[in-house]
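A.B. asks:
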Amino acid sequence: MSEASADATASTALQPKAEGAKALSRYLREGIASGALQAGVKLPAERELSERFGASRGAVRRVLSGFRERGLITQTVGSGTFVAAGAAAPAPAEAVPALPSLHVNVSPAELMVARRLIEPLMPSLIVRNATGADFAVMQNCIEQSEAAETIEGFEHWDGELHKALAVATHNGFFVHILELTQRVRDQGEWGRLKAKSLTGERRAQYERQHRALVDALRDRDEAGAQRMLVQHLDQIQRNLFED
1 MSEASADATA STALQPKAEG AKALSRYLRE GIASGALQAG VKLPAERELS ERFGASRGAV
61 RRVLSGFRER GLITQTVGSG TFVAAGAAAP APAEAVPALP SLHVNVSPAE LMVARRLIEP
121 LMPSLIVRNA TGADFAVMQN CIEQSEAAET IEGFEHWDGE LHKALAVATH NGFFVHILEL
181 TQRVRDQGEW GRLKAKSLTG ERRAQYERQH RALVDALRDR DEAGAQRMLV QHLDQIQRNL
241 FED
């Protein structure tokens, strides 16, 4: 088998696992937020979650670990995994309308213009509000993205890191904005451009930028973190559209 064929086979094998972990994360996040998974509900065992979502046991553990670190679930040896008390306090449905379904054409170029305006506002809130659990989630996203063996895997954890940054603001507006961002990133055109532009050298650069950004936030260096985030977004924009 040629090296290219081996890489394609590995990509095909790993992509469903990444998608399975993403589906599990979405199931838990939306279930807790909507109240479908109420406080005290016991979640299925890791093996069942692995089979249901098509994710490896390790991926299931990493997803659950991230939710535990954010205080959304509890895990007790011998008892199982439960939705934490106070994990969600949903407002009445009429008070918080659901986000609209994003079927409009939002181009990658439009997305980057919006991200460049909005995301640099987040560091000022993160340095004031982020907890140790928030930084643990960021660190996990960085480690998973660096360990990813496919572009799809790297892109998934890259998106998870930016969502973790939004969560760390502890401001619901940014969380909703980053959810919308992820919907656009899940569309085919973004993936095509990212796959075309993401060389090994550029990926290594993104990884260095991710680590430097999170280090600055952990040090409560607002100006440094904002500068690094702007540089990171500008680099993505150049790589996507100036090749």
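Using full-length UniProt numbering, read the sequence shown as starting at 1 and increasing by one per residue.
Using N, Cα and C, we set each Cβ at its ideal position, and we do this for glycine too.
All values derive from a computational prediction rather than experimental measurement.
Would you mind working out which of Lys194, Gln237, Ala130 and Leu229 sits nearest Leu121, comparing C-alpha positions?
C.D. replies: By one-based count along the sequence shown, residue 121 stands at place 121. Among Lys194, Gln237, Ala130 and Leu229, the Cα nearest to that of Leu121 belongs to Leu229.
A.B. asks: Using the three-state DSSP reduction, which class does Val41 fall into: helix, strand or coil?
C.D. replies: As a working note, residue 41 is residue 41 in the sequence shown. If DSSP states are grouped into helix, strand and coil, Val41 belongs with coil.
A.B. asks: From this set, Thr76, His210, Thr131 and Val60, which residue's C-alpha is nearest Val167's C-alpha?
C.D. replies: Position 167 of the sequence shown, counted from the start, is the residue given in the question as residue 167. Answer by Cα proximity: Thr131.
A.B. asks: Cα separation between Ala59 and Ala85?
C.D. replies: Here residue 59 corresponds to residue number 59 of the sequence shown, with the count starting at 1. Here residue 85 corresponds to residue number 85 of the sequence shown, with the count starting at 1. The alpha-carbon atoms of Ala59 and Ala85 are separated by roughly 24 Å.
A.B. asks: Taking 8 Å as the cut-off, does the segment 132-142 touch the segment 103-117 (at least 3 CB pairs, one atom from each stretch)?
C.D. replies: They do not touch, by the three-pair rule.
A.B. asks: Using CA atoms only, rank isn't needed, just tell me which of Glu30, Lys22 and Phe241 is closest to Gly54.
C.D. replies: The residue you call residue 54 lines up with position 54 of the sequence shown. Nearest of Glu30, Lys22 and Phe241 to Gly54, Cα basis: Lys22.
A.B. asks: Enumerated in chain order, which unbroken segments of the alpha helix (DSSP H) with a length of 4 residues or greater are wholly contained in the segment 134-212?
C.D. replies: DSSP runs (the alpha helix (DSSP H)) wholly in the segment 134-212: 151-168, 172-185 and 188-197.
A.B. asks: So which of Asp234, Ala223, Glu48 and Gly80 has the shortest CA-CA distance to Gly20?
C.D. replies: Here residue 20 refers to the residue found at position 20 of the sequence shown. It is Glu48 whose Cα lies nearest to the Cα of Gly20.
A.B. asks: According to DSSP, simplified to helix, strand and coil, what is Arg227?
C.D. replies: Position 227 of the sequence shown holds residue 227. Arg227 falls in the helix class under three-state DSSP.
A.B. asks: Quick one: what's got a C-beta closer than 6 Å to Thr74's C-beta in the same chain, skipping five residues either side?
C.D. replies: Residue numbering aside, residue 74 sits at position 74 when the sequence shown is read from its first letter. Hits under 6 Å: Phe82 and Ala84.
A.B. asks: Assuming the contact rule is C-beta atoms closer than 8 Å, Arg62 and Gln182 should be a hit. Round their C-beta distance to whole Å, please.
C.D. replies: The residue given as residue 62 occupies position 62 in the sequence shown. The residue given as residue 182 occupies position 182 in the sequence shown. Not confirmed; about 18 Å, so no contact.
A.B. asks: Using a 10 Å radius around the Cβ and a threshold of 16 neighbouring Cβ atoms, would you call Lys42 buried or exposed?
C.D. replies: Reading the sequence shown from its first residue, position 42 is the one you call residue 42. Exposed is the call here.
A.B. asks: Once DSSP output is grouped into helix, strand and coil, what is the label at Val83?
C.D. replies: Position 83 of the sequence shown, counted from the first residue, corresponds to residue 83. DSSP places Val83 in strand when its eight states are reduced to three.
A.B. asks: State the start and end residues of the unbroken alpha helix (DSSP H) segment that holds Pro120.
C.D. replies: The count along the sequence shown starts at 1 and reaches residue 120 at position 120. Note, Pro120: premise wrong, no alpha helix (DSSP H); not H, not E.
A.B. asks: Have a look at Thr199, Leu198 and Arg227 and flag the residue whose alpha-carbon is nearest the alpha-carbon of Ala212.
C.D. replies: The residue you call residue 212 lines up with position 212 of the sequence shown. Nearest of Thr199, Leu198 and Arg227 to Ala212, Cα basis: Arg227.
A.B. asks: From what residue to what residue does the alpha helix (DSSP H) around Ser56 run?
C.D. replies: If you number the sequence shown from 1, residue 56 lands on position 56. Here Ser56 belongs to no alpha helix (DSSP H), and DSSP marks it neither H nor E.
A.B. asks: Going by DSSP, what residue range makes up the beta strand (DSSP E) through Asp74?
C.D. replies: Here residue 74 refers to the residue found at position 74 when the sequence shown is read from its first residue. A quick correction: the sequence has Thr, not Asp, at residue 74. Counting along the chain, the beta strand (DSSP E) containing Thr74 begins and ends at Ile73 to Thr76.
A.B. asks: Considering Cα atoms alone, identify which of His170, Gly40 and His232 is closest to Arg70.
C.D. replies: Position 70 of the sequence shown, counted from the start, is the residue given in the question as residue 70. Considering only alpha carbons, the answer is His170.
A.B. asks: Take Pro123 as the anchor and find which of Trp157, Phe174 and Pro44 has the nearest alpha-carbon.
C.D. replies: Taking the sequence shown and counting its residues from 1, the one referred to as residue 123 is at position 123. The option with the nearest alpha carbon to Pro123 is Phe174.
A.B. asks: Given Asp221, which residues of its chain have a CB within under 8 Å of its CB, disregarding the five upstream and five downstream residues?
C.D. replies: As a working mapping, residue 221 is identified with position 221 in the sequence shown. Hits under 8 Å: Val127.
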